[in-house]
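S.K.: If you're matching them up, the sequences are chains X and A in order.
In terms of our numbering, the first sequence opens at residue -3 and continues consecutively.
In terms of our numbering, the second sequence opens at residue 3 and continues consecutively.
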Amino acid sequence: MAKQNIELIVNGDRYTVAVDPWRTLAEVLREELNLTGTKVGCNQGDCGACTVIMDGRSVSSCLTLAVEAHQRQITTIEGLAPSRTQLHPIQEAFVEAQAVQCGFCTSGMIMSAKNLLDHNPHPTEEEIRAGLSGNLCRCTGYVKIVEAIDLAAKKLDPAGAKEA
Amino acid sequence: MKTNPKLIGQSVPRLDAPQKVTGQAIYTDDIKLPGMLYCKMLTSPLPHARIKRIDVSKARALPGVKDVIIGEDTPKVKYGNWRLVPESQDELPLAVDKVRFVGDEVAAVAALDPEIAEKAISLIEVEYEELPALYTVEDSIADGAPLIHEESKGNVSLVRKINYGDVDGSFASAHYVREDTFRVHAVQHAYMEPCASIAAPDEGGRVTLWTSTQTPYIVQCLLASTLGIPENHVRVMKVAVGGGFGGKMELRPWEFCCAFMALRTGRPVKFLWSRKEDLSFGRRRHGMTLYSKIAFAKDGKLIAKDFQVLLDGGAYNAMGPTATFLCGTFGNMAYRLPAYRYFGRHVYTNKPPASAMRGFGAPQAYFAMESQFSMAAEEMGFDPIDLRIINAMEEGDVIPEVATVSTCGFKESLEKVRELSGWDEKRKNRQPGHGLGISAYSFISGGVFNWFNTKYNFSAAEVRVYDDGTAHLFSMACDIGQGPDTVLRQILAADLGLSIDKVRLTAMDTAQTPKADLGSWGSRVTLMNGNAILEATKKIKEMLIPVLFAEFDLNQIQDLAFEDDHIFVKSNPKKRMSFAQAVYKALRGRRGEPLVAQGYYTPRNKGLVSPAFSFGAQVAEVTVDQDTGLVKVDKIYTAHDCGVPINKKAVEGQLEGAIQMGLGYTLSEQFVMKDGRTLNSTFLDYKVPTALDMPPSESVEVETYEPEGPFGAKEAGEGLAIPTAAAIGHAVYEATGYRCKDLPITPEKVLRGLGKLK
């Protein structure tokens, strides 16, 4: 089967790439666009390390075909902060709460957190845990990740957090 | 307790975190090199077979294939981490005559892209003669069992015996004796980063290897010996590593194959292991059969133990010999034990090799010991925590033939966990289906026994200081996620009184960092590398102290302090100089010779096991659904003695991660195998606990000041992964009356134990 030309809009940048139709979005992000911040922990859709946001919803980029992402808006870990030299409040919270150990799940955790907070700005602990339930971590027991997301919610909307 | 610099104990945010949260941290598979080839490996589909013929001609002829290798093409040098006992080195990068497990590597291909490499692998023809296979230790040691390795009679590759005191006499005269057999299963590290390597040819027949490892020096040495080139022709570099937990501490076949094919083709070669392969063929924690007989006197004193362990080693030794030794040692740690007999056997089976995994023999040995303590307490009429306190080791105790315990917060840990968990109250008001269980542990802070037979010190550090007020640490210590890149800089900064942001780090490059470091295992890194750093910083201070003495014309008896990026006279802090200025003056005084110092650490006069011992106790609170048998852990309480924590949140992080691993070990993780094949090779079927599965937890640290550790520190990495299984097991018993002696505790076993399922 011939390669297909697709247009990807990743972190606001437009890329035109020719891809085999069976290539996953994760592969194209990492191999073609050199956006290696998206990690592949299992390539089976089970671990969540490859989570990115596509048109406002989190997806496992290892289960998403690149051709499905044609002309869709994609945000990866590299595009979360306004620039590569700044941190997004969720990223800040992960650093401050010491929610990072080996870091391999971190990109996916943060993208899942972004998805959660975009749709539910003031989640309860249970909602945070549910929001992370598709992301595996083997280092932290999730404790400080949950704390980081709670902290991030407060950073993103201090007034709302008070009400909640 | 000694006073430490203020940076010690602070939760300095991890210095690598900003890179990791932005996706900028580079892991091995993120690296691409010009002209890079992709490696794939062919593995055995059979658990035990003789290789009759391999035909690679079709694979070699496939366009885009640049190299194909089989065992016969290689130098055929066996390797293994136990260099001290060469006959224990039983592995070849590619099988030569025989394959011994489903997944044993047979051939490798390097091609222009992974798809071509995969296709080429499928074109390799191997003719096997299938041999009878063995899947349990009991079958392997049975009379007449086929031999997996010809040289290992009875399929036992290593025996470890310990014997002291009058064991049989003590049993005969004891007030209370019990014997039990426990069976524990294999589980996997499940590090999130899949194994990956890239080898690039370097000038003069040398090779550079980037690899996801926790033991770069071991990989350097064993890669050199298997390639047949000088040790220092191999340069091993580690980038960020996404977890290891013991699963990445050996030379792996793909590291050899990438390097070997890189040298043959003159091109970089990259390998990435899939999760399916890792779960199917990867290293794992030893399954074991543990027979334990223990005796107590009437006053509750433990008087004897007979401990016999069969370790299911799988097809090769890997780190199994160490597990066999340590299992015996852990069988006799934590409690005073006047008479002890241990008989451990490392047994080959036709399964993926077991190896090191967090706790390394301890989760298994303590599951047996702690379960027995709780059973004995009930039958003898003691409170389970009281029985442990009666027998708990104390500072200054000697573990026979092992070591003297220099610091011990064990009794305090037991008392504190009793208080923290509301033990007495909750046990008084027991609710049906609800239970509390206790388990304790002691663990090592790095190993002494030099099984790798390193010629170098166990840890080394080089410190360079500059007149811009900064310092640079060169260290082979290996951050695999646990945090030494931060903690070691914290130790350096604390001792020289520098701000943490003034300390740079070059870590883990065997060509640049001082020889050597044995790697991240045995909870050794903070203690051993910390000590090496402190020896180096002491030498740096000796270079700077004369500057202040000359500048301020100081009396011989004056002492100096290194704090806040300054050096000053303790009795008169106005007499001060910035660290930068002192370095500048020293540099001038040395006529330009840079201020560089190296420090080393090898435990001396510390016996054969460890220079320091951690202790702790954990209580699990569970609710068991009497109809479904489902165990829900409501809360975990932990009190532990890790000496002085260097970075408090890093220590908390170790505990929190350990609970997750312990929970998985106890309740949800196991391999389902049939005829040597792993049937659950995805994270959907191999159940690592998720955020929703985790119970809340509370903990308290019992601080001791370990004289052998840097600023009083000892281990906090592995010990905490030990107690969870026995604590939950005990709690389940309290809740239901079902006593689990064979992990994991599944709903089926609980219901069967309750007589509700046949």
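All C-beta atoms in this analysis are idealised placements derived from N, C-alpha and C, irrespective of residue type, glycine included.
Note that the structure is a prediction, hence the values are computed from the model and not measured.
1. Would DSSP call X:E159 helix, strand or coil?
2. Identify each residue in the stretch 181 to 196 of chain A for which the Cβ-Cβ distance to at least one residue of chain X is less than 9 Å, and report them in chain order.
3. Can you tell me where the beta strand (DSSP E) with A:T210 in it begins and where it stops?
4. Judging by CA-CA distance, which residue of A:A619, A:E131, A:T331, A:Q558 is the nearest neighbour of A:R420?
5. Indicate whether A:V465 and A:T539 have their beta-carbon atoms separated by less than 7 Å.
6. I need the straight-line Cα distance from A:E181 to A:A306, nearest angstrom please.
7. Quick check on X:T161 - is its C-beta less than 7 Å from some C-beta in chain A?
8. Which residue's Cα is closest to the Cα of X:K(-1): X:P17, X:G8, X:V6?
9. Between the stretch 351 to 366 of chain A and chain X, which residues of the former have CB atoms less than 9 Å from a CB of the latter, in chain order?
10. Within the 7 Å Cβ cut-off, does A:R338 reach chain X?
11. In chain order, what are the residue ranges of uninterrupted beta strand (DSSP E) at least 3 long that sit wholly in the stretch 152 to 182 of chain A?
12. Does DSSP classify A:F327 as helix, strand or coil?
13. What span of residues does the beta strand (DSSP E) with X:R53 cover, start to end?
14. What does X:G137 touch in chain A if you count any residue whose Cβ is under 7 Å from its own?
15. Express the C-alpha separation of A:A198 and A:P255 in angstroms, rounding to a whole number.
16. Relative to chain X, which residues along the stretch 379 to 390 of chain A have a C-beta separation below 9 Å, given in chain order?
17. Assign A:Y602 to one of three DSSP states: helix, strand, or coil.
18. Check whether the stretch 5 to 25 of chain A and the stretch 100 to 107 of chain A touch, using three or more Cβ-Cβ pairs below 8 Å as the test.
19. Using a Cβ-Cβ cut-off of 7 Å, state whether A:K457 counts as contacting chain X.
20. Could you spell out the range, first to last residue, of the beta strand (DSSP E) harbouring A:A509?
21. Take the Cβ of A:M43 as the centre, count every other Cβ of all protein chains shown within 10 Å, and call the residue buried at 16 or more, exposed below.
22. Which residue comes first and which comes last in the alpha helix (DSSP H) that contains A:S142?
23. Measure from the C-beta of A:F685 to each C-beta in chain X and report whether the shortest distance is under 7 Å.
24. Would you mind reading off the limits of the beta strand (DSSP E) that contains A:E708?
25. Taking Cβ-Cβ distances shorter than 9 Å, what residues in chain A pair up with X:S129?
26. Count the CB pairs spanning the stretch 115 to 135 of chain X and the stretch 78 to 94 of chain X that are closer than 8 Å, and state whether there are at least three.
27. If we count Cβ pairs, one from each stretch, closer than 8 Å, do we get three or more for the stretch 50 to 60 of chain A versus the stretch 130 to 146 of chain A?
28. Please list, in chain order, the chain A residues whose beta carbon lies closer than 8 Å to that of X:D114.
29. For the alpha helix (DSSP H) holding X:E143, just list the boundary residues, first then last.
30. Would X:A160 be called buried (16 or more neighbouring beta carbons within 10 Å of its own) or exposed?
31. Anything in chain A within Cβ reach of X:I73, meaning under 7 Å, just list it in chain order.
32. Can you tell me which of the three DSSP states A:C742 falls into?
33. Determine the burial state of X:G(-3): buried for a count of at least 16 other Cβ atoms within 10 Å of its Cβ, exposed for fewer.
34. What residue range is occupied by the uninterrupted beta strand (DSSP E) comprising A:A619?
35. What residues in the stretch 240 to 256 of chain A bring their beta carbon closer than 9 Å to a beta carbon of chain X?
36. Whose C-beta lies closer than 7 Å to the C-beta of A:M545 among residues of the same chain, with five residues either side of it excluded?
M.R.: According to the structure data:
1. In this prediction, X:E159 scores a pLDDT of 48, lower than 50, which makes its location untrustworthy; the coordinate-derived value is nonetheless stated afterwards. The three-state reading of DSSP puts X:E159 in helix, counting H, G and I together.
2. In summary, the residues of the stretch 181 to 196 of chain A whose CB is separated from some CB of chain X by less than 9 Å are H191, A192, Y193, M194, E195, P196, in the order they occur in the chain.
3. For A:T210, the enclosing beta strand (DSSP E) starts and ends at 208 to 213.
4. Residue A:A619 is the option with its Cα nearest to A:R420.
5. Yes.
6. A:E181 and A:A306 have their C-alpha atoms spaced approximately 12 Å apart.
7. The structure shown does not extend to residue 161 of chain X, since chain X is modelled only from -3 through 160, so no value can be given for it.
8. Taking only the C-alpha atoms, the option nearest X:K(-1) is X:P17.
9. The stretch 351 to 366 of chain A vs chain X, Cβ under 9 Å: nothing.
10. Chain X, which has no Cβ nearer than 7 Å to the Cβ of A:R338, makes this no.
11. Taking only runs of at least 3 residues, the beta strand (DSSP E) segments lying wholly in the stretch 152 to 182 of chain A are 158 to 166.
12. Three-state result, A:F327: helix.
13. Counting along the chain, the beta strand (DSSP E) containing X:R53 begins and ends at 53 to 56.
14. Those within 7 Å of X:G137 in chain A are E658, G659, I661, Q662, M696.
15. Straight-line spacing of the CA atoms in A:P255 and A:A198 works out to 11 Å.
16. Here the close residues number zero.
17. Strand.
18. Taking a cut-off of 8 Å on C-beta distances, the stretch 5 to 25 of chain A does not touch the stretch 100 to 107 of chain A, as fewer than three cross pairs fall below it.
19. With 7 Å as the cut-off, A:K457 does not count as an interface residue toward chain X.
20. That run of the beta strand (DSSP E) goes 505 to 509.
21. It counts as buried.
22. Note, A:S142: alpha helix (DSSP H), 139 to 143.
23. With a threshold of 7 Å between beta carbons, A:F685 makes contact with chain X.
24. Where A:E708 is concerned, there is no enclosing beta strand (DSSP E), given that its DSSP letter is neither H nor E.
25. Listed by position along chain A, the residues whose Cβ is nearer than 9 Å to that of X:S129 are T692, A693, L694, D695.
26. For the pair of segments examined, the stretch 115 to 135 of chain X was found not to touch the stretch 78 to 94 of chain X: the number of CB pairs separated by less than 8 Å stays below three.
27. Touching, yes, given that three or more Cβ pairs across the two stretches are closer than 8 Å.
28. For the C-beta of X:D114, not a single chain A residue is nearer than 8 Å; the gap to the nearest is close to 18 Å.
29. Taken as a continuous stretch (DSSP letters only), the alpha helix (DSSP H) holding X:E143 covers 139 to 152.
30. Bear in mind that the predicted position of X:A160 carries a pLDDT of just 43, short of 50, making it unreliable; the figure below should be weighed with that in mind. By the neighbour-count rule (16 or more Cβ atoms within 10 Å), X:A160 is not buried but exposed.
31. Contact annotation for X:I73 against chain A: T24, G25 [CB-CB distance below 7 Å, chain order].
32. It is coil, neither helix nor strand.
33. Note that residue -3 of chain X corresponds to Met in the displayed sequence, not to Gly. Label assigned to X:M(-3): exposed.
34. Note, A:A619: beta strand (DSSP E), 615 to 626.
35. Listed in sequence order: A242, V243, G244, G245, G246, F247.
36. For A:M545, same chain residues with a beta-carbon under 7 Å away, outside a window of 5 residues either side, are A588, L597 in chain order.
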